[in-house]
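Visitor: Take this structure, written in structure tokens, and hold onto it; I'll ask about it next.
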Amino acid sequence: MISFEGKVAAITGAGNGIGLAAARLMAAHGARLALADLDGARLQEVAAELDPGGQRVLARALDVADPAACDRLMAEAAAHFGGLDHLVHCAGIYPEKLVKDTSDEAWRKLMAVNLDGTFYVCRAAQPHLRDGGSVVLMTSLAAQRGSYAHAAYAASKGAVQSFTRSLALELAPAIRVNAVAPGIIATSMTSDLIGQKGAQLLESTPLRRFGTAGEIAGAIAFLCSPLAGFVTGEVMQVNGGIYIA
Ligand SMILES: NC(=O)c1ccc[n+]([C@@H]2O[C@H](COP(=O)([O-])OP(=O)(O)OC[C@H]3O[C@@H](n4cnc5c(N)ncnc54)[C@H](O)[C@@H]3O)[C@@H](O)[C@H]2O)c1
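Numbering that gives the first Met the number 0 numbers the first residue of the sequence shown as 0 and each following residue consecutively.
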């Protein structure tokens with residue numbers, strides 16, 4: 000039902016977890032991909048997996064906290080493929096620290112990656128996005144209900160939600176802008192959390208399991224597709240019922 004034939008998607012954080020799952024799903028449905036991740040070596044493995052012929056995937060190391068690098072990458076991707084249709088921004092970090100133990104540097108690093116990076120990537124992609132395209136950003140359950148020992152992370156994701164709604168107003172009617180707010184998804188990001196509090200988290204999740212990266216990729220693909228053609232400015236909760244608004 001979903002086809003990305005003829006479409007080009009730029010995906011950040013594509014080396015692992017949700018970004019990787021989105022890259023696999025969108026490639027399987029015909030998209031050509033510009034992939035970016037801090038871990039350039041890992042990204043080359045992903046590119047080799049998804050595009051052994053080397054025609055359909057452009058893979059570049061990128062620190063999303065570097066605005067000039069974001070500009071360069073989106074310009075290169077657009078020149079390579081002749082434009083962009085979708086931006087899926089999954090790069091992010093989730094360090095554990097109580098507020099009282101959070102240094103100025105740690106706070107700024109988190110905001111630089113999770114919040115500034117969202118702004119830099121969106122600003123860089125915007126001039127290259129073709130009409131009918133879309134942007135999908137990643138927020139979190141933490142933005143809705145707070146997150147113990149992750150206050151900076153939760154604050155950054157709350158800001159991403161506000162940014163999503165505002166950018167949706169700016170880019171309409173040509174481009175739709177939405178976000179996905181995952182619950183607890185089993186990726187490398189949550190392995191410590193699940194190790195420490197897995198049983199308690201399952202107990203409070205009505206669907207009684209953790210989500211998979213593929214299930215978040217499904218929501219991303221839906222939001223990019225014409226099936227979501229009248230959806231913009233939305234934050235889609237994909238969380239097994241752990242938070243019901
Ligand atoms: N896993 C969850 O339960 C969960 C829940 C809510 C929200 N999210 C959000 O979903 C997104 C993806 O999370 P995930 O679980 O796939 O995490 P992950 O750790 O598996 O993957 C994140 C990727 O981002 C990359 N990255 C980190 N810093 C970067 C930077 N400065 N520049 C470029 N790339 C960078 C990493 O190398 C990694 O490949 C994140 O924004 C995260 O906050 C995840």
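Don't be surprised by glycine CBs; every beta carbon is placed ideally from N, CA and C.
(1) Check whether the Cβ atoms of residue 98 and residue 21 lie closer than 7 Å to each other.
(2) Residue 23 to residue 89, Cα distance in whole Å?
(3) Scan the region 35-88 and note each continuous alpha helix (DSSP H) run of 4 residues or more that stays entirely inside, going in chain order.
(4) What do you get for residue 79, buried or exposed, if any count of 16 or more other CB atoms within 10 angstroms of its CB means buried?
(5) In chain order, what residues of the same chain lie with their CB nearer than 8 Å to the CB of residue 127, ignoring the 5 residues before and after it?
(6) Residue 160 and residue 63 look like a contact to me (Cβ under 8 Å); what is the Cβ gap, rounded to whole Å?
(7) Only counting the same chain, and skipping five residues up and downstream in sequence, which positions put a Cβ closer than 8 Å to that of residue 153?
(8) Taking the DSSP output, what are the residues bridged to residue 137?
(9) For ligand 1, is there any heavy atom lying closer than 6 Å to the beta carbon of residue 245?
(10) By the DSSP assignment, the beta strand (DSSP E) with residue 8 in it spans what residues?
(11) Would you report the Cα separation of residue 42 and residue 51, rounded to the nearest angstrom?
(12) Between the C-alpha atoms of residue 28 and residue 6, what's the straight-line distance to the nearest angstrom?
(13) Is residue 114 buried or exposed, if buried means 16 or more other CB atoms sit within 10 Å of its CB?
(14) Just confirm the distance between the C-beta atoms of residue 167 and residue 232, as a whole number of angstroms; I'd bet it's less than 8 Å.
(15) Quick check: the region 211-228 against the region 6-18, are there 3 or more CB pairs under 8 Å?
(16) Near residue 171, which residues of its chain fall below 7 Å by C-beta distance, leaving aside the five closest residues on each side in sequence?
(17) If you scan the region 172-243 from start to end, which runs of the alpha helix (DSSP H) of 4 or more residues do you find wholly inside it?
(18) Looking only at DSSP bridge pairs, what is residue 111 linked to?
(19) Do residue 137 and residue 176 have their C-beta atoms within less than 7 Å of each other?
(20) Decide if residue 208 is buried, meaning its Cβ has at least 16 other Cβ atoms within 10 Å, or exposed.
Guide: According to the structure data:
(1) The residue you call residue 98 lines up with position 99 of the sequence shown. The residue you call residue 21 lines up with position 22 of the sequence shown. For residue 98 and residue 21, no; Cβs fall outside 7 Å.
(2) On the sequence shown, residue 23 is found 24 positions in, with the first residue counted as 1. On the sequence shown, residue 89 is found 90 positions in, with the first residue counted as 1. Rounded to whole angstroms, residue 23 and residue 89 show a C-alpha spacing of 14 Å.
(3) Runs of the alpha helix (DSSP H) inside the region 35-88: 39-49, 66-80.
(4) Against the sequence shown, residue 79 aligns to sequence position 80. Classified as exposed, residue 79 has fewer than 16 neighbouring CB atoms from the shown chains inside 10 Å of its CB.
(5) Here residue 127 is taken as the residue at index 128 of the sequence shown, counted from 1. If we look at residue 127 and ignore the five residues flanking it on each side, its Cβ neighbours are 73, 74, 76, 77, 82, 83.
(6) By 1-based counting over the sequence shown, the position of residue 160 is 161. By 1-based counting over the sequence shown, the position of residue 63 is 64. The distance from the Cβ of residue 160 to that of residue 63 is about 18 Å, inconsistent with a contact at the 8 Å cut-off.
(7) As a first step, residue 153 is located in the sequence shown; it is residue number 154 there, counting from the start. Counting only residues of its own chain and dropping the five nearest sequence neighbours on each side, residue 153 has a CB closer than 8 Å to the CB of 139, 141, 142, 145, 146.
(8) Position 138 of the sequence shown, counted from the start, is the residue given in the question as residue 137. Per DSSP, the beta-bridge partners of residue 137 are 179.
(9) With the chain running from 0 to 244 in the structure shown, residue 245 is simply not present.
(10) On the sequence shown, residue 8 is found 9 positions in, with the first residue counted as 1. Per DSSP, the continuous beta strand (DSSP E) segment holding residue 8 begins and ends at 7-11.
(11) Here residue 42 is taken as the residue at index 43 of the sequence shown, counted from 1. Here residue 51 is taken as the residue at index 52 of the sequence shown, counted from 1. The straight-line gap from Cα to Cα measures roughly 13 Å.
(12) For the purposes of this step, residue 28 is identified with residue 29 of the sequence shown, where counting begins at 1. For the purposes of this step, residue 6 is identified with residue 7 of the sequence shown, where counting begins at 1. Rounded to the nearest angstrom, the two C-alpha atoms are 10 Å apart.
(13) Counting from 1 along the sequence shown, the entry for residue 114 is found at position 115. In this structure residue 114 is buried. Its beta-carbon is surrounded by 16 or more other beta-carbon atoms within 10 angstroms.
(14) In the sequence shown, residue 167 corresponds to position 168, counting from 1. In the sequence shown, residue 232 corresponds to position 233, counting from 1. Contact flag correct, Cβ pair sits at about 4 Å.
(15) Touching, yes, given that three or more Cβ pairs across the two stretches are closer than 8 Å.
(16) The residue you call residue 171 lines up with position 172 of the sequence shown. 231, listed in sequence order.
(17) Scanning the region 172-243 for uninterrupted alpha helix (DSSP H) segments of 4 residues or longer gives 190-202, 212-223, listed from N- to C-terminal end.
(18) In the sequence shown, counting from the first residue as 1, residue 111 sits at position 112. Beta bridge pairing from DSSP links residue 111 with no other residue.
(19) Taking the sequence shown and counting its residues from 1, one reaches residue 137 at position 138. Taking the sequence shown and counting its residues from 1, one reaches residue 176 at position 177. For residue 137 and residue 176, no; Cβs fall outside 7 Å.
(20) Here residue 208 refers to the residue found at position 209 of the sequence shown. Residue 208 is exposed by the Cβ-count criterion.
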